[in-house]
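Report on the structure given below.
There are 2 protein chains.
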Amino acid sequence: MASPSTTSRLSARRHRAPAAPETRYDRRLAEIIGHATEVFCKKGYEGASMRDLSRESGMSLAGLYYYFESKERLLYLIQKHTFTTIVQRLKARLEGVTDSEERIRIFILNHLEYFLANQAAMKVLSHEAEVLKNGFASEVAAIKREYYRICVGLLDNFKSEHDLQFSTRIAVLSLFGMMNWIYTWHNPRVDADAVSISGEMSDIFLLGVMANAKKGRNGR
Amino acid sequence: MASPSTTSRLSARRHRAPAAPETRYDRRLAEIIGHATEVFCKKGYEGASMRDLSRESGMSLAGLYYYFESKERLLYLIQKHTFTTIVQRLKARLEGVTDSEERIRIFILNHLEYFLANQAAMKVLSHEAEVLKNGFASEVAAIKREYYRICVGLLDNFKSEHDLQFSTRIAVLSLFGMMNWIYTWHNPRVDADAVSISGEMSDIFLLGVMANAKKGRNGR
DNA sequence: CGGCAATTCGAACGTTCGTTCGAACAGAGT
DNA sequence: ACTCTGTTCGAACGAACGTTCGAATTGCCG
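Shown next as C-alpha cells:
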C-alpha cells in the first residue's frame, strides 16, 4: 500500500551523511528523471506524454507512478534539482573571491558552464518555467528569486565600487537573457566551449555597463 | 463545398491595392487570429485546446475550421504574420539611415517597440519557435534567417568601421537573447517603455562590443 | 421575395491523454 | 519452503483531444 514518492520516502538521516547511503529507489528515480528530462527537452512538457516517458525510460506506464505521483511533480523534481544544484555550485565558487568584477565573471561562467553541460535540464528549466501551478510553482519561484537576488547583489557591488549609474534591474535581466537564450542556438559542433563564450559575454556585459555614464558628484 | 482557408482564398489582386479591399472573411480571420494569439500566449501552443480557442473567440469549435484547416496552420499564420510585419517595419525604418551605430540602435528599438506593443504575438513567436513541422517550419525559419542576417550585416558594418574584433555570431545571439528574454519579465506597471529600455540595452550592447579589444595592425 | 453561396453549428468520430487498480514478480531474511 | 516488503506491470478508466460532416442559418444579389 501507499506508494512512496513523497519526500517522506527519503530516509531521515540523509543530508549530512558523508558517504551517500543511496538507496536503490533513489538511483532508479534519478535514472527516470534523467530520461524524462530528455523527453521534456525534445517535445516540451505538454507535448510529452507519459507514454513517451515510459518508452524512453524502459519502464511501464504504470510503473512510473511508483516513483512520482503525477507528471507535474516530475517536472517539479527536475526543475528543483537543477536549480538547487546551480545555486549550490555558484555559492561554492564565489567563496573567497572578493573582487567584484571577478565575482560577476564567476557568476556568468558558472551559469554557462552548467547550462552547456546540462543543456536538456536547463532548457526544461528555462522553457517550462510557467507550467507548474500553486505549491510546485512557488517553491521553484523561491529558488529563482534567490538566484536573481544574488546576481543583483553582485552587480550592485560592482556598480557602487566603480561609481556607475544604470538600472540594475534592466542590466541583470539583460544578462539573464543573453545567457538563457543560449539554449535556442548553441550547437556543440559549431560553437566554442563555455569558458570561451562566457568570456565573450562577460566582456560585452561588463564593459557595456562600465562604459555607461559615470555618476557625477552631484547626481542627475 | 471546399472550405477556403488556403492562400488561394485571398483574392488575387491584393498586394499593391492601395485601399485595402478587405473582405469579411479576412476581417473575421484576423479576429480569430487575435484571440488565438492570446490563448497560445497564456497556455502555450500544446496546452491550448481548440475548445479554448473556440470559447475565447466566441465561435463554435467546428466553425473555426472554416477559417483554417488545422491548429498547426493557425500557429503558422500567427508566426508568419508577426515576423513578416516586424521585418517590414525594420526595413522601412532603416531606409535612409547610414550611420552604422544608429542603424543598430534602430534595430533594437524596432524590435523592442514591436515586442512590447504586441507582447502576446511576440511571445508566441519566441516561445513556440520549435513546434511547427516541415513546410510550416521552414517558411517561418526563412524569415527568421533573413532577420538574423540583417542584424549580422548591421553589426559587421559597425565592426569594420570601428576596427573592432569580436565574434559577430556570439554578439548577435547575445543581443537577441537580451531582447527576446523580455517576455519573461516585462511588467508594464513596473518597467519603463520601449524607448527607454531600448536605450539601456543599446548602451550596454554597443559600448560592450566597442570597448572590446581593438584590432592591432598586426592582428593577434 | 426567392435562391444561391458563404458562414456557422451540434453532434459525433476515433485517438490519445493522465491516472488507477489489483495482480504478478523479485529478493532477502527466517 | 514460506512470507514479507518493495517493485513492476497489463489492462482498463473517464476525460479531453483534434478533426469531420451534414444540416441549419445567415447575408447578399437578382
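Chains as they are written, first to last, in the working numbering: chain A, 1 to 220; chain B, 1001 to 1220.
By construction, the Cβ of each residue, glycine as well, lies at the ideal position given by its N, Cα and C atoms.
- Your pair Tyr76 of chain A and Ile32 of chain A does not check out as a contact, with CB atoms roughly 14 Å apart and the cut at 8 Å.
- Inclusion of Arg1089 of chain B and Asn1110 of chain B in the CB contact set at 8 Å is warranted, their separation being smaller than that value.
- Shown here, Leu164 of chain A sits in a strand according to DSSP, grouped into three states.
- Taking a Cβ-Cβ cut-off of 7 Å, the neighbours of Ala1171 of chain B in chain A comprise Ile204, given in sequence order.
- Excluding five sequence positions before and after Asn1180 of chain B, the CB atoms of its chain that fall closer than 7 Å to its own CB belong to Ser1126, given in chain order.
- In the structure shown, Asn134 of chain A falls within a helical segment according to DSSP collapsed to helix, strand and coil.
- Residue-level contact check: Leu207 of chain A touches chain B, since one or more beta carbons of chain B fall below 8 Å from its beta carbon.
- With respect to the 8 Å criterion, His162 of chain A and Met210 of chain A are classified as neighbours on the basis of their beta carbons.
- The distance from the Cβ of Lys80 of chain A to that of Val140 of chain A is about 6 Å, consistent with a contact at the 8 Å cut-off.
- The Cβ of Glu1046 of chain B sits closer than 8 Å to at least one Cβ of chain A.
- With contacts defined as CB atoms closer than 8 Å, Ala1137 of chain B and Thr1037 of chain B fail to qualify as a contacting pair.
- Using a Cβ-Cβ distance cut-off of 8 Å, the stretch 1167-1186 of chain B and the stretch 194-208 of chain A are in contact, since at least three pairs of beta carbons, one from each stretch, lie closer than that value.
- With 16 or more other Cβ atoms inside 10 Å of its own Cβ, Ser57 of chain A counts as buried.
- Taking 9 Å as the upper bound on Cβ-Cβ separation, chain A lies near residues Phe1166, Ser1167, Arg1169, Ile1170, Ala1171, Leu1173, Ser1174, Leu1175, Phe1176, Gly1177, Met1178, Met1179, Asn1180, Trp1181, Ile1182, Thr1184, Trp1185, His1186, Val1190 of the stretch 1163-1190 of chain B.
- Here Leu1112 of chain B is near Ile1182 of chain B, since their CB atoms are less than 8 Å apart.
- Against chain B, the CB of Met201 of chain A has a partner CB under 8 Å away; the residue lies at that interface.
- Positions of the alpha helix (DSSP H) runs, each at least 4 residues long and wholly inside the stretch 45-71 of chain A, are given as 50-57, 61-64 in order along the chain.
- Straight-line spacing of the CA atoms in Leu1029 of chain B and Leu1061 of chain B works out to 14 Å.
- Asp191 of chain A carries a coil assignment under DSSP once its states are collapsed to helix, strand and coil.
- Assigned with DSSP and collapsed to three states, Thr1085 of chain B falls in helix.
- Around the C-beta of Lys1159 of chain B, 16 or more other C-beta atoms lie within 10 Å, and the residue is accordingly described as buried.
- Distances from the alpha-carbon of Cys1151 of chain B to those of B:Asp1026, B:Ile1086, B:Lys1133 put B:Ile1086 closest.
- A check of alpha carbon separations from Ile108 of chain A across A:Arg24, A:Met178, A:Phe166 identifies A:Met178 as the nearest.
- Contact annotation for Ile1197 of chain B against chain A: Ile170 [CB-CB distance below 8 Å, chain order].
- Across the set A:Phe83, A:Leu206, A:Leu53, the C-alpha of A:Phe83 shows the shortest separation from the C-alpha of Tyr114 of chain A.
- Interface residue (Cβ-Cβ distance to chain B less than 8 Å): Ala211 of chain A is classified as such.
- Bounds of any alpha helix (DSSP H) do not take in Ile1182 of chain B, whose DSSP letter is neither H nor E.
- Residues Ser202 of the same chain have their beta carbon placed closer than 7 Å to that of Arg105 of chain A, with the five preceding and five following residues left out of the count.
- It is roughly 15 Å from the alpha-carbon of Tyr1025 of chain B to the alpha-carbon of Leu1074 of chain B.
- With contacts defined by Cβ atoms closer than 8 Å, Thr168 of chain A and Leu155 of chain A form a contacting pair.
- By the rule that beta-carbons nearer than 8 Å mark a contact, Ala1129 of chain B touches chain A.
- Annotation: the continuous alpha helix (DSSP H) that includes Thr37 of chain A extends over 24-43.
- Residues Cys41, Tyr183 of the same chain have their beta carbon placed closer than 7 Å to that of Lys123 of chain A, with the five preceding and five following residues left out of the count.
- Asn212 of chain A is classed as buried because its beta carbon has at least 16 other beta carbons within 10 Å across all chains shown.
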